[in-house]
Structures are given as structure tokens and as C-alpha cells.
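Sequence positions in the sequence shown follow UniProt numbering and run 27 to 270.
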Amino acid sequence: PPLVEIANLTRDFRNHRFFGISQTTRALDDVTLQIDQGSIFGIVGESGSGKSTLARLMVALDRPTSGKVVFDGEDIFSLPAAALRHHRRNFQMVFQDPFGSLDPRQKVGRIIGEPLHVFASQSARGRVSERVAAMLENVGLPATAADLYPHQFSGGQRQRIAMARALITEPKLVVADEPVSALDLSVQAQILNLVLDLRDTQGVTFVFISHNLAVIDCIADKVGVMHSGRLVEVGPAHEVFDQP
Ligand code: ADP
Ligand code: ADP
27 PPLVEIANLT RDFRNHRFFG ISQTTRALDD VTLQIDQGSI FGIVGESGSG
77 KSTLARLMVA LDRPTSGKVV FDGEDIFSLP AAALRHHRRN FQMVFQDPFG
127 SLDPRQKVGR IIGEPLHVFA SQSARGRVSE RVAAMLENVG LPATAADLYP
177 HQFSGGQRQR IAMARALITE PKLVVADEPV SALDLSVQAQ ILNLVLDLRD
227 TQGVTFVFIS HNLAVIDCIA DKVGVMHSGR LVEVGPAHEV FDQP
């Protein structure tokens with residue numbers, strides 16, 4: 027069975043206007059798709075097409091107006107709050123600007139280890155520093171990175187730190203929203219290789235969002251094309267991109 031099954035997902039935002047007149051934006055319109063375990067599902071689409079809204083719903087950072095997200099057999103929006111909190115370790119998100127999501131006042135080791143303090147059992151917490159060191163190695167950073175602060179790293183290294191933080195709870199799914207868009211081309215390639223490597227060696231399933239068709243073509247097993255909140259096309263990368 028697929029790891030993620032999204033059915034008829036719709037998200038309306040009510041934008042408040044002056045004098046009580048309001049208007050609704052349908053950011054996501056009846057999206058249905060499935061994501062296979064151990065695959066990279068690429069999402070492309072122009073700005074405002076609903077990519078981020080879809081991404082946030084997949085990791086329960088938002089709630090849909092209607093429709094459902096079934097993750098590993100669980101309908102996540104029908105779970106009681108405590109059960110959803112427990113489930114969160116299984117899906118993590120990585121953002122475009124790791125500077126925005128990495129607390130500048132905390133050392134990298136503390137940033138990466140923090141989800142373990144939230145999720146891990148008491149016995150596992152004692153070994154946080156060991157697990158952080160292993161995770162740094164896993165994403166191609168030296169263990170000494172743990173004692174430095176985010177601003178002491180380049181953009182690509184910060185994206186590796188964000189990836190390490192996302193992976194420390196051993197999630198089944200990582201949703202990456204424009205993770206390479208702010209990086210230089212040569213560094214983009216390194217991060218794409220890291221994602222491919224994590225899929226191949228650890229079986230991590232990725233949703234990878236980009237407005238850049240070349241990036242998606244190079245990394246995705248399957249591609250979904252978003253337009254005006256709708257998923258207008260979905261298929262293997264070679265089929266979606268090799269049309270005349
Ligand atoms: P974004 O970059 O996603 O557009 P915003 O700054 O617009 O972020 O919103 C920040 C957060 O508040 C998001 O989680 C968004 O989903 C939520 N949010 C904003 N407006 C609304 C709304 N009208 N109804 C529900 N959630 C909202
Ligand atoms: P993309 O990631 O493809 O750029 P988004 O999912 O951010 O697209 O946005 C889709 C549509 O929903 C846009 O019209 C956007 O303005 C609107 N939207 C997104 N988040 C919010 C929000 N929190 N409040 C109001 N409107 C929103």
C-alpha cells in the first residue's frame with residue numbers, strides 16, 4: 027500500500043477585507059494522490075498554485091476544509107490530538123530557508139537533538155549527543171558541527187542541518203518545500219544527491235517541492251503538477267516531462 031493517500035483534499039482560506047466583506051481563496055481544490063513508500067514525489071507548479079498548502083497539510087501543520095490524508099493507514103485529521111502528536115515523529119518538514127527555521131541562539135547539536143527531547147522515550151534521551159553525532163555524519167557534516175551556531179555555516183550546510191533535524195526521529199516521510207531554491211547551483215546538486223542517497227540507503231520517502239522543473243526532473247520518481255490549487259497532472263517524471 028502507498029505510504030500516503032490523499033483524497034479529495036480542499037483548503038479554503040478566508041481573507042478578511044474591509045467593511046465586513048470577505049473573500050475566500052481555494053488554495054487547494056479536490057486533490058487526490060498517492061505516494062509510494064521509499065519514493066521521491068516531486069511537486070511542481072507556479073507560485074500560488076497551492077504547493078505549500080498541500081505540503082503543510084501532509085505533515086498536519088494545517089487542517090483541510092475537506093478531504094483526508096491517510097498516512098501509513100491512519101487518517102491523521104481524525105486522530106485525537108494526543109495520538110496525532112505521537113504520530114508527528116513519522117513525518118517531518120524541511121523549508122526553503124533553513125535560517126528561518128534554525129534558532130540562531132542555539133548550537134547545532136541542540137537544534138538537531140531537540141525533536142528527540144520532544145518525542146523520544148526517557149531511555150533514548152540519554153543518548154542524544156551520540157545520535158546527533160551519527161546524524162551529522164549521515165548528512166555529510168563533521169561531528170564538530172554540533173558545537174557551532176547556524177550562522178557559522180554556509181547555506182548548503184544549513185540545509186544539511188535542517189535535514190539532520192528532520193531525520194533524527196527516523197521519520198518515514200520528509201516533506202521538503204523548495205529546499206534548494208535559495209542555494210547556488212553547485213550546492214543544489216549536493217543537496218539533491220543527499221536526498222537521493224537517503225532514499226536509496228535508508229528508504230526515506232520524500233515529497234520534494236520546487237518551482238524548478240529541471241530540479242524535479244532530476245530527482246523525482248513521480249511528479250505532480252499543480253495549477254490553481256488543482257493537481258492537473260501526475261505520473262512518472264519521464265512521462266510528465268518528455269511530452270512534445
Ligand atoms: P504562508 O507563508 O503559508 O502564506 P501566512 O503568514 O499567510 O503563511 O500564515 C501563517 C500561518 O497561519 C499558516 O500556518 C497559515 O496556514 C495560517 N493561517 C493564516 N491565515 C489563515 C486563515 N485565514 N485560516 C486558517 N489559517 C490561517
Ligand atoms: P505555492 O506554495 O504554490 O506558492 P501556496 O500554497 O502558498 O502556493 O498558496 C496557494 C494560494 O493560497 C495562494 O493564492 C495564496 O495566496 C493562498 N494562501 C496560502 N496560504 C494562505 C493563508 N494562510 N491565508 C490566506 N491565503 C493563503
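Idealized CB from N, CA, C, for every residue including glycine. Owing to the predicted nature of the structure, the values given are computational and were not obtained by experimental measurement.
Spatial neighbours of residue i in its chain, beta-carbon cut-off 8 Å, leaving aside the 5 residues before and after
| i | result |
| --- | --- |
| D129 | I137 and P176 |
| P197 | R115, N116, F117, Q118 and V230 |
| N41 | S48, Q49, T50 and T51 |
Beta-carbon contacts of residue i that lie in its chain and below 6 Å, excluding the five residues immediately before and after
| i | result |
| --- | --- |
| F39 | T51 and A53 |
| V158 | G135, I138, G139 and A172 |
| Q60 | P28 and E31 |
| G68 | F234, I242, A246 and V249 |
| K77 | I69, G71, I235 and M252 |
| F145 | R115 and T195 |
| Q214 | V206 |
| V85 | F117, M119 and V201 |
Where the beta strand (DSSP E) containing residue i begins and where it ends
| i | result |
| --- | --- |
| V258 | R256 to P262 |
C-alpha gap between residue i and residue j, whole angstroms
| i | j | result |
| --- | --- | --- |
| F109 | R115 | Note that residue 109 is Ala in the sequence shown, not Phe. If you take the alpha carbons of A109 and R115, they lie about 11 Å apart. |
| T91 | G261 | 26 Å |
| A263 | D62 | 14 Å |
| A107 | E265 | 40 Å |
| G182 | S207 | 11 Å |
| V154 | T195 | 11 Å |
| L162 | I217 | 14 Å |
| L87 | H113 | 13 Å |
| R256 | L239 | 18 Å |
| S212 | D268 | 25 Å |
| R101 | L209 | Checking the displayed sequence, the identity of residue 101 turns out to be Asp instead of Arg. In a straight line, the C-alpha of D101 is about 35 Å away from that of L209. |
| E156 | A81 | 31 Å |
| R225 | Q132 | 29 Å |
| L174 | G166 | 15 Å |
| D186 | R89 | Strictly speaking, residue 186 in this sequence is Arg, with Asp absent from that position. Computed Cα separation, rounded: 28 Å. |
| D223 | D123 | 22 Å |
| F45 | S73 | 29 Å |
| T227 | A160 | 15 Å |
Supposed close pair residue i, residue j - CB separation, criterion 8 Å
| i | j | result |
| --- | --- | --- |
| E204 | S236 | 6 Å |
| G64 | G229 | 5 Å |
| V201 | M119 | 5 Å |
| P141 | R191 | 7 Å |
| A33 | G93 | 6 Å |
| D56 | T79 | Wrong, their Cβ atoms sit about 13 Å apart, outside the cutoff. |
| V95 | L83 | 6 Å |
| S104 | S254 | That pair is no contact at about 28 Å. |
| F232 | I66 | 5 Å |
| N164 | L193 | 7 Å |
Boundaries of the alpha helix (DSSP H) in which residue i is found, first to last residue
| i | result |
| --- | --- |
| A190 | G181 to L193 |
| L199 | Unbroken run through L199 is the beta strand (DSSP E), L199 to D203; no alpha helix (DSSP H). |
| G250 | No alpha helix (DSSP H) holds G250; the beta strand (DSSP E) holding it covers K248 to H253. |
| V120 | Note, V120: premise wrong, no alpha helix (DSSP H); beta strand (DSSP E) at F117 to V120. |
| G135 | V134 to F145 |
| R157 | V154 to N164 |
Below-7 Å beta-carbon distance, residue i vs any chain B residue
| i | result |
| --- | --- |
| V251 | Structure shown: chain B not included; a single protein chain is present. |
Same chain only: Cβ atoms within 7 Å of residue i, ignoring 5 sequence neighbours per side
| i | result |
| --- | --- |
| S127 | F121 and A188 |
| C244 | L218 |
| R43 | Q49 |
| D98 | L29, N116 and K198 |
For the segment 33–112, which segments carrying the alpha helix (DSSP H) assignment without a break, of at least 4 residues, lie completely within its bounds, in sequence order? 77–84
Output the residue ranges of the beta strand (DSSP E) runs that lie fully inside the segment 207–243 and measure 3 residues or longer, sorted by chain position. 231–235
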